[in-house]
Amino acid sequence: MAEAEGVVLRCEGLTKRFGELVAVDDLGFSIREGETYGLLGPNGAGKTTAISMIAGIMARDAGEILLDGEPLTAGSVALKAKIGYVPQQLAVYPDLTGRENLRFFARLYGLGRKDAARRVEEVLEVVGLADRAKDLAKNYSGGMQRRLNVGLGLLHRPRLLILDEPTAGVDPQSRNSILDGVARLAAEGMAVLYTTHYMEEAERLCDRVGIIDQGRIRAEGTQRELVALVGEQDRVTLTGDGELEPLTARLAALPEVTGAGTADGRVEVFTHDARALLPRLLHEAEAEGTTVRSVQVVEPDLEAVFLHLTGKALRN
């Protein structure tokens, strides 16, 4: 069963239509315990619709959602309680304090009085609002309100935490606080489904990424796997003294090198794993008698992969 394999969420064949529009088309992916899975796509790609179905707030036309190996249906009240959902829209009450907001939602989740009191204080620490717990939410900065919003989704200790663009419009300090908090939760074993319009967040947080466009997963894997999938390569630029052509020929002969050239006092080398190859390149330069003055390594990022697969920037 999926639960024995450590899989918290498995989606298979998810489909949703709005009239003639197929918003989500045969979508499938899985998330394991302690894994942060990034669902990335341009606006209109189907991310929000997919998340709404997974969270149980929108009916699906076809497909199956398994949570800890059990089918999630409209009547799966106990199973839905294993999900923490943090939407883009703020769900906080401005005229309540941070602590009061958390207490209110804790009771909605059905936590007992003592457990709720303990859990509220734990969550305040997790989202970095313990020192502002007595302040009204309307007096919080936008970033602090976002952090409180995330805290609401954590109160009941969910197995799966769904975060839909949790850092949109927040200040850098709050953004880093949210990202650090998500990383800690995943390290403690929580499965996280994360959407964002910031590619650097996906690169920093996500163990695997699914790139969705026109309702379908176009590619899925780790950053390195996705880069390899579209044929992008690392580029190493060595700047050195003297004649560089002999060094270029020497490096081009290495089996790990897919291409090498000389231009403007630099040697450029292309390879699929620059970090692993770099010590060998420097060793060969020394053997050739070339003094290397500087080294630059450029690795393809998710943005390059995303543009290749969708033809759009992430924020389009």
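In numbering that gives the first Met the number 0, the protein residues as written are 0 to 315.
Glycine included, each C-beta is placed from N, C-alpha and C at the ideal position.
Around the beta carbon of L147, a 10 Å sphere encloses 16 or more other beta carbons of the protein chains shown; the residue is thus reported as buried. Using a C-beta cut-off of 8 Å, the region 30-48 makes no contact with the region 62-69, since fewer than three inter-stretch Cβ pairs fall below that distance. Beta bridge pairing from DSSP links V296 with V235. Secondary structure note for L13: it is in no alpha helix (DSSP H), and the uninterrupted beta strand (DSSP E) holding it is 6-17. With contacts defined by Cβ atoms closer than 7 Å, S29 and R59 do not form a contacting pair.
In this structure, the CA atom of E187 is about 14 Å from the CA atom of V7. Inclusion of Y84 and G152 in the CB contact set at 7 Å is warranted, their separation being smaller than that value. The C-alpha of F103 lies about 38 Å from the C-alpha of R215.
When only Cα atoms are considered, E267 and I177 end up about 39 Å apart. Ranked by Cα distance from E120, the first of K133, Y108, G109 is K133. Counting only runs of 3 or more residues that sit fully inside the region 257-291, the beta strand (DSSP E) segments are 265-270, in chain order.
In the same chain as R265, and ignoring 5 residues on each side of it, the C-beta atoms closer than 6 Å to its own belong to T236, T238, in chain order. In the structure shown, T72 adopts coil according to DSSP, grouped into three states. For D233, the closest alpha carbon among the candidates E202, D163, A273, T195 is that of A273. Fully contained in the region 181-221 are the following alpha helix (DSSP H) runs of length 4 or more, in chain order: 198-204. Here the alpha carbon of L89 sits roughly 26 Å from the alpha carbon of L71.
Under the three-state reduction of DSSP, E63 is assigned to strand. When Y197, E224, V169 are compared, the shortest CA-CA separation from E302 is found for Y197.
Here the region 206-214 lies against the region 43-51, with 3 or more beta-carbon pairs under 8 Å apart. In the three-state reduction of the DSSP assignment, D179 falls in the helix class, which pools H, G and I.
The residues G12, T14, R215, in chain order, have a CB closer than 7 Å to that of D25 in the same chain once the five nearest residues on each side in sequence are set aside. With respect to V149, P165 sits close: the two C-beta atoms are nearer than 7 Å. A251 places its beta carbon less than 7 Å from that of A259. For D130, no beta strand (DSSP E) run applies, since DSSP gives it neither H nor E. Each residue's CA atom was taken as its position, placing G220 and V122 some 31 Å apart.
G97 has its alpha-carbon roughly 8 Å from the corresponding atom of L128. For S29, DSSP records a beta bridge to R9. Using a Cβ distance threshold of 7 Å, G5 and A185 do not count as a contacting pair. The DSSP-derived three-state label of A44 is coil. DSSP links T35 through a beta bridge to V191. Non-local C-beta neighbours of E255 in its own chain, meaning closer than 6 Å and more than five positions away in sequence, comprise T270, L276, ordered along the chain. Note: I161 is bridge-paired with Y84, L192 in the DSSP secondary-structure output.
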